[in-house]
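Structure first, then comments.
4 protein chains.
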Amino acid sequence: MSNQGDSNQITREYFDSILLETRYWDSDLPSAEMTLFGERFSTPVMTAALSHLDNVCPGGAVKMASGAFDAGAVHWTGMGEAEELEAIVETGARTVKIIKPHADDAVIFEKIEHANRIGVFAVGMDIDHCFNSRGGYDVVTGLPMRAKTSEQLRTYVAASRRPFVVKGVLSAKDAEKCAEAGVAGIVVSHHHGIFPYAVPPLMVLPEIVRATEHRIPVFVDCGVESGADVFKALALGADAVCVGRHLMPCLKKDDGAVAARITEITQELMSLMARTGASMLAEIDPGVLHFRAF
Amino acid sequence: MSNQGDSNQITREYFDSILLETRYWDSDLPSAEMTLFGERFSTPVMTAALSHLDNVCPGGAVKMASGAFDAGAVHWTGMGEAEELEAIVETGARTVKIIKPHADDAVIFEKIEHANRIGVFAVGMDIDHCFNSRGGYDVVTGLPMRAKTSEQLRTYVAASRRPFVVKGVLSAKDAEKCAEAGVAGIVVSHHHGIFPYAVPPLMVLPEIVRATEHRIPVFVDCGVESGADVFKALALGADAVCVGRHLMPCLKKDDGAVAARITEITQELMSLMARTGASMLAEIDPGVLHFRAF
Amino acid sequence: MSNQGDSNQITREYFDSILLETRYWDSDLPSAEMTLFGERFSTPVMTAALSHLDNVCPGGAVKMASGAFDAGAVHWTGMGEAEELEAIVETGARTVKIIKPHADDAVIFEKIEHANRIGVFAVGMDIDHCFNSRGGYDVVTGLPMRAKTSEQLRTYVAASRRPFVVKGVLSAKDAEKCAEAGVAGIVVSHHHGIFPYAVPPLMVLPEIVRATEHRIPVFVDCGVESGADVFKALALGADAVCVGRHLMPCLKKDDGAVAARITEITQELMSLMARTGASMLAEIDPGVLHFRAF
Amino acid sequence: MSNQGDSNQITREYFDSILLETRYWDSDLPSAEMTLFGERFSTPVMTAALSHLDNVCPGGAVKMASGAFDAGAVHWTGMGEAEELEAIVETGARTVKIIKPHADDAVIFEKIEHANRIGVFAVGMDIDHCFNSRGGYDVVTGLPMRAKTSEQLRTYVAASRRPFVVKGVLSAKDAEKCAEAGVAGIVVSHHHGIFPYAVPPLMVLPEIVRATEHRIPVFVDCGVESGADVFKALALGADAVCVGRHLMPCLKKDDGAVAARITEITQELMSLMARTGASMLAEIDPGVLHFRAF
C-alpha cells in the first residue's frame with residue numbers, strides 16, 4: 003500500500019515550498035511580542051496541546067509549562083488529570099487547556115468549570131478527536147468520544163468564563179462555524195496527521211483567514227520546527243503558532259531546554275522579520291513569500 | 003528504455019496528489035450504504051472483474067464472490083466457464099458478469115443469455131481488451147477478440163435483460179457513446195495498465211461525469227487500495243469503485259479475509275466521510291479536495 | 003557542477019509527462035502508412051541521420067539502410083564518404099542525406115550535386131552543428147563548419163533537385179525562416195543534446211506547427227524509443243519521427259534486427275492509435291493527451 | 003529538522019528548471035563584450051565580492067584580482083585590510099570594493115574615502131550582512147554591523163566619487179529604494195544562502211528589472227557556475243553576473259587558472275548566444291527561455 007499519505011510529511015513539504023524575498027533598507031531589529039486575549043507575551047511561538055508527557059519524562063507536562071513560562075510564551079496543554087492541570091497553572095504559565103470531545107457533555111462542562119476555577123488563560127476543545135479511523139467514534143485512553151454540533155459548541159462557549167478556542171479546524175467552513183458560535187480563537191491543525199492526506203495547514207490558512215475576516219485569532223499547529231516555519235505561518239495570516247513534537251526532546255534535556263528552544267525559534271523568526279522589513283508581527287507582509295513550482 | 007510509463011504507478015501518484023480538508027462540526031457517523039440498479043448494498047466498495055482466480059487459490063472466484071456477499075458488496079467477475087459463474091451466483095453475491103469483446107458476436111450473445119438465465123445482477127463488456135499491444139486484435143487464453151462499434155453495443159444492451167455496463171472507459175467521448183447506447187453504467191479504467199502512460203482514472207473522471215450528466219452511474223477501477231482512494235473517487239463524481247489486485251492476497255488467507263478487507267476499506271471511507279461532514283455517499287463534497295502542486 | 007542540464011534526460015522526462023486517454027468504441031485496426039514527398043511508406047518511424055556507424059559495426063551505415071528498406075521506412079543518413087552514400091542508396095532505401103554546415107559552401111554544393119545524381123530521396127543540412135561549445139565554429143572530424151544565413155539556405159534549396167530539409171530546428175523563429183526559404187521539411191531536434199538545457203522537441207513542437215501552418219512536414223528527433231513516444235509526437239503535430247540511438251544496438255544483432263525493431267515500434271504506435279480511435283495517422287487527435295502536473 | 007531550506011540548492015534547482023530553444027539561421031559568432039560605468043570589458047562574467055581568500059591560498063585575494071584582470075573581467079572584492087585592497091588595485095584589475103554595513107558610519111566613510119583615493123572602479127555595500135540569524139545585528143570577524151536606512155544610503159552614495167553599488171538586493175522594493183537613492187548598480191543576491199529558503203535570484207530578477215526600468219545595471223550573484231547559468235541570468239534581464247565559490251578551487255591551481263575559467267565560462271555563454279541568435283549581450287532574447295513544469 004502507498005505510504006505517500008503521511009500528512010506530516012506532506013505538511014513539511016508544503017512549508018519547504020515557500021520561499022522568501024528580503025527587504026533590508028529601513029529595516030531594523032524587530033519585536034516579536036504578541037498580545038493575546040488582552041495579555042502581552044514575548045513571542046508568538048506557543049507550546050502545543052500535548053498529552054501524556056509523563057511518557058517522555060516524569061513531570062513532563064509541568065516541565066513544558068515552566069519552559070513556556072520562562073520563555074514568556076503562551077502554554078497549551080492537552081489531556082491530563084485535574085491535579086496535573088493545577089500544577090501546570092501553578093508554574094505561572096498562561097495556559098490554554100484543551101478538552102477532548104467527550105461523549106458525555108457533563109464531563110466537558112466539569113472540565114471547563116475546573117479550568118475556569120483554577121484560572122487558566124483559556125479553554126478549548128480538539129474537535130478532530132471525535133472520530134476514529136474505522137468509521138466510529140474515537141475512544142481515548144478508555145474514554146468515549148462523540149461528534150458535536152454547532153449548537154453544543156455554543157453551550158461550551160457560554161459555560162467558559164475564559165476565551166474558548168477550537169483546535170482541529172482545517173477548512174473555511176469549520177472556521178466560519180467557530181466564528182459564528184462565538185469562539186475566541188481557532189487552531190488550524192490536522193492533529194499531527196490523525197488522518198492521511200490531510201491538506202497542510204498553511205495551504206488552507208489563507209482561505210480560513212478570509213472566511214473569518216480577522217474577527218478571531220487564528221493559530222497554526224503541526225510540524226512547526228523553526229523560525230522560518232513560524233514566519234511563513236504568520237505571513238499567511240496566522241496570529242501565532244503551536245510547537246509540539248519539536249519541543250519534546252527538550253524535555254529530556256536540562257530544565258532550561260524548552261525555554262531555550264522557544265527563544266531560539268523566536269530569534270530565528272526575528273531574524274527573518276528583520277531581513278524582510280517587519281518591525282513587529284503585524285507588519286509581516288505576505289508579499290515577501292514566493293511559491294515553488296519548479 | 004524508460005520505465006516511467008507504468009500506468010499503475012502514475013495512477014497511484016495521482017491518488018496521492020489529492021489532499022483533504024476537514025469539517026467536523028455538525029458531522030456525525032455516516033452511512034456508506036449504496037443503492038444500485040434498484041438494490042441496496044452496504045458499501046460502494048465492489049470487487050473488481052478479475053479472471054483466472056484459480057491461479058491464486060483453488061476456487062478463488064467463488065471465494066471472492068462469497069467475500070463480497072458477506073460484506074454486502076456488489077461482486078464483479080471476469081472470464082470464466084459457465085459452471086464457475088453459476089457457482090458464483092449461488093453464493094448469493096449480486097454479481098456483474100463482464101464478458102470479453104469476443105470476435106464472434108454469437109459467443110457474446112450466448113454469454114449474455116446464460117448470465118440472464120442464471121440471474122446475475124448485471125452484465126457487461128470490458129471493451130479495452132479488444133486490441134493487443136502489437137497493433138492487432140487481442141487473443142485471450144486462445145480466444146480471438148475484435149473491435150466493436152456503437153451499433154454492436156446497442157445490440158448487446160438490447161439482448162441483456164439485466165443492466166448492461168461497459169468497463170474500460172477512459173474518455174468523455176467513450177462515456178458519451180455508452181450513455182447514448184443505453185448502457186446502465188460505466189467503469190472508468192485502464193485495465194490495470196493494459197497500455198503505458200494511461201491517464202489516471204480520477205484525472206478524467208470529472209470530465210466523464212460532466213459528459214454523462216449523471217444519467218448513468220460511473221464506477222472507478224484501477225489501484226484502489228484504501229478508504230482514502232475510495233473517498234477521492236466518490237468526491238470526484240464516482241458512484242462506486244472496484245477493488246481488484248488489492249483483494250487478491252486475501253484469497254490466500256482464511257475465509258473471512260475478503261469480506262473483512264472490504265469492510266475495513268468501507269470503514270476507512272466512513273471515517274473520512276465523518277471527518278468531512280458527509281452523512282451519506284451523496285453528500286461527499288468535492289470542495290473538500292485540494293490538489294498538490296508543490 | 004550541476005549535471006541536471008542533460009538535454010536527453012530532460013527530453014525523456016517530457017515524453018514521460020504526457021498521458022493518454024482511450025476511445026475504443028467504433029475504433030478498429032489502424033493503418034500507419036505515410037505519404038512523404040509523394041511516395042508511400044509503411045510507417046512514420048524513420049531512421050535518424052546518424053554518422054560514423056562503422057564504429058558500431060562494420061558496414062553499419064548500409065546495414066541501417068537495409069533495415070529501413072526492409073521495414074518500408076524512410077532512411078536518413080549523416081556524414082560519410084560518397085561511396086558509402088552510394089552503397090546506402092543501392093540498398094533501395096529511400097534516403098535523406100544530411101550534409102553538415104561546411105565552412106566552404108562549395109563543399110556543400112558538391113555534396114548536394116552528388117546526392118542529386120545518385121538519386122537520394124531528399125537532401126538536407128543539420129544546421130545545429132555549425133557552432134561548438136566554446137563560442138567558436140565547430141570542427142567535425144577535422145572539417146571546419148560555419149554559421150549560415152537564410153540567404154545561403156535559399157541557395158541550397160535551389161541547388162537541390164530533391165526536397166531539401168533542415169535538421170536542428172528548435173524554435174518557431176527558425177521554423178518560419180525554413181518555411182520562407184522553401185525548405186521541404188524540418189526536423190525538430192537538439193542533436194542528441196549537443197548543448198545543455200535544450201527545451202524538449204515536443205515542448206516547442208506545437209508552436210512550430212502553428213508557425214509553419216502545416217505548409218511543410220515537421221519531423222521529430224531525439225530520444226524517441228517506443229510507439230508511445232511516436233504517438234505523442236504525432237498527436238502534437240509531427241508528421242513523422244526519427245529514431246537513432248535506440249536502433250544502434252540492433253546493428254550488432256542479426257540482419258533483420260533493425261527492420262524488426264522499426265516494425266515493433268510501428269506496431270506499438272498502431273496499438274495506441276487503435277486504443278484512441280485513430281484509423282490513420284492524420285486522425286491522431288491531440289485531445290487524447292493529458293499533461294502531468296502532479 | 004528539515005534541510006530542504008538550503009538556499010543554494012534551491013537556487014541551483016531554479017537555474018536547472020530553465021530551458022532554451024535555439025535560433026541558428028542568420029546567427030554568427032557573438033561578442034560577449036560589456037560596457038560598465040563607461041569602461042569596456044571582455045565579458046559579463048565578473049568575480050564575486052569574496053572575503054578571506056587568504057584562507058584558500060596565501061595571497062588569494064590578489065591572485066583572484068590578477069585572474070580577473072587577465073580575463074578582461076570586472077573584479078569584485080569583499081572585506082580586507084587597506085593594504086590588501088591596494089595590492090588588488092595594483093594588479094590593474096578594475097575592482098569593485100564592497101564594504102560591510104559597519105555599525106559606525108565613520109568606518110564606512112573612511113573605507114569609501116580610501117577606496118576613492120586608491121582608484122577603485124566602484125565601491126558598494128553588502129547590506130544583507132547587517133543582521134545575524136538569531137534576531138540581532140551581525141558581528142563579522144569581531145566587527146559590529148548595524149541596519150541602515152535609505153537616508154544613510156544617500157550619504158554613502160554622496161561620499162563616493164565612484165559609482166556606488168548595493169549588494170544583497172532580493173526584492174523589487176529594495177531595488178526601488180536603491181534606484182531612488184542614486185545607486186549606480188545592484189547585485190541580486192542572497193549572499194550564498196545567508197538565510198534559509200531564499201527565493202532564487204533569477205526568480206525575482208524580472209520583477210526587479212521591471213521595478214528599476216533599466217535605469218541602473220542589475221547584476222546576479224549566487225551559484226553561477228557555467229555559461230548556461232550566465233545566459234539565463236542575462237536573458238532574464240541581468241547586465242552581468244558574479245562568480246564566486248565556483249572560482250575558489252582555481253586559486254589552488256596555477257596562476258592562469260582563474261582567468262582560464264572566466265574565459266571558459268564566457269565561451270560557454272558565447273556558444274549559447276550563437277545558438278540563440280544573439281550577436282551581442284543586449285540581443286539575448288528572453289523569448290528563447292522555456293520554464294519546466296513537468
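Protein chains in written order, with our numbering: chain A, 3 to 296; chain B, 3 to 296; chain C, 3 to 296; chain D, 3 to 296.
Note that beta-carbon positions come from the ideal geometry of N, C-alpha and C, so glycine has one too.
If you're wondering where the values come from, they're calculated on a predicted model, not measured in any experiment.
Determine, using beta carbons only, whether residue i and residue j come nearer to each other than 8 Å.
i                      : j                      : result
residue 130 of chain D : residue 26 of chain A  : yes
residue 64 of chain C  : residue 70 of chain C  : no
residue 43 of chain A  : residue 82 of chain A  : no
residue 274 of chain C : residue 229 of chain C : yes
residue 225 of chain C : residue 167 of chain C : no
residue 240 of chain D : residue 260 of chain D : no
residue 14 of chain D  : residue 197 of chain C : no
residue 128 of chain C : residue 62 of chain C  : no
Specify the secondary structure class of residue i as computed by DSSP and reduced to three states.
i                      : result
residue 180 of chain D : helix
residue 123 of chain D : coil
residue 219 of chain B : coil
residue 172 of chain C : coil
residue 96 of chain B  : coil
residue 91 of chain C  : helix
residue 101 of chain A : strand
residue 244 of chain D : strand
residue 116 of chain C : helix
residue 285 of chain D : helix
residue 81 of chain B  : coil
residue 297 of chain C : Past the boundaries of the shown model lies residue 297 of chain C; chain C is included only from 3 to 296, so the question cannot be answered.
residue 196 of chain A : coil
residue 146 of chain D : strand
residue 49 of chain D  : strand
residue 227 of chain A : coil
residue 31 of chain A  : coil
residue 139 of chain C : strand
residue 257 of chain D : coil
Excluding the five sequence neighbours on either side, which residues of its own chain have a C-beta within less than 6 Å of the C-beta of residue i, listed in chain order?
i                      : result
residue 52 of chain C  : 80 and 246
residue 108 of chain D : none
residue 88 of chain B  : 120
residue 56 of chain D  : 62
So, for residue i: in the same chain, excluding its five sequence neighbours on each side, which residues have a beta-carbon less than 8 Å away from its beta-carbon?
i                      : result
residue 235 of chain B : 203, 204, 207, 222, 226 and 243
Can you list, in chain order, the residues of its chain with a C-beta nearer than 7 Å to that of residue i? Leave out the 5 residues immediately preceding and following it.
i                      : result
residue 140 of chain B : 131, 132, 133, 134 and 147
residue 195 of chain D : 8, 9 and 10
residue 84 of chain B  : 116
residue 213 of chain D : 174, 177 and 178
residue 2 of chain A   : Only positions 3 to 296 of chain A appear in the structure, and residue 2 of chain A is not among them; the question remains open.
Notebook entry, point to check: Using a beta-carbon distance cut-off of less than 9 Å, what residues from the region 35 to 54 of chain B approach chain A?
Noted result: none
Notebook entry, point to check: How about the region 276 to 295 of chain C and the region 88 to 102 of chain C: do they share at least three Cβ pairs that are nearer than 8 Å?
Noted result: no
Checklist line | Chain-ordered residues of the region 210 to 244 of chain A with a beta carbon less than 8 Å from chain B | finding: none
Notebook entry, point to check: Taking Cβ-Cβ distances below 9 Å as the criterion, which residues of the region 162 to 173 of chain B are in contact with chain C?
Noted result: 168, 170, 171, 172 and 173
Note to self: Assess contact between the region 147 to 166 of chain D and the region 112 to 124 of chain D, defined as three or more Cβ pairs (one per stretch) separated by less than 8 Å. Is contact present?
What the structure shows: yes
Checklist line | Positions along the region 126 to 159 of chain D whose CB lies within less than 8 Å of some CB in chain A | finding: 129, 130, 132, 133, 134, 135, 136, 137, 138, 139, 149, 150, 151, 152 and 155
Check: In the region 197 to 210 of chain A, which residues sit with their C-beta less than 8 Å from some C-beta in chain B, listed in chain order?
Finding: 197, 198, 199, 200, 201, 202, 205 and 206
Notebook entry, point to check: Given 8 Å as the limit, is there contact between the region 264 to 282 of chain D and the region 29 to 40 of chain D, that is, 3 or more CB pairs closer than that?
Noted result: yes
Item checked: Within 8 Å of chain B by C-beta, residues of the region 16 to 30 of chain A in sequence order -> 16 and 19
Checklist line | Contact list for the region 255 to 269 of chain A against chain D, Cβ threshold 8 Å | finding: 266, 268 and 269
Note to self: Closer than 7 Å between beta carbons: that is the criterion. Which residues of the region 173 to 187 of chain B meet it against chain C?
What the structure shows: 173, 175, 176 and 179
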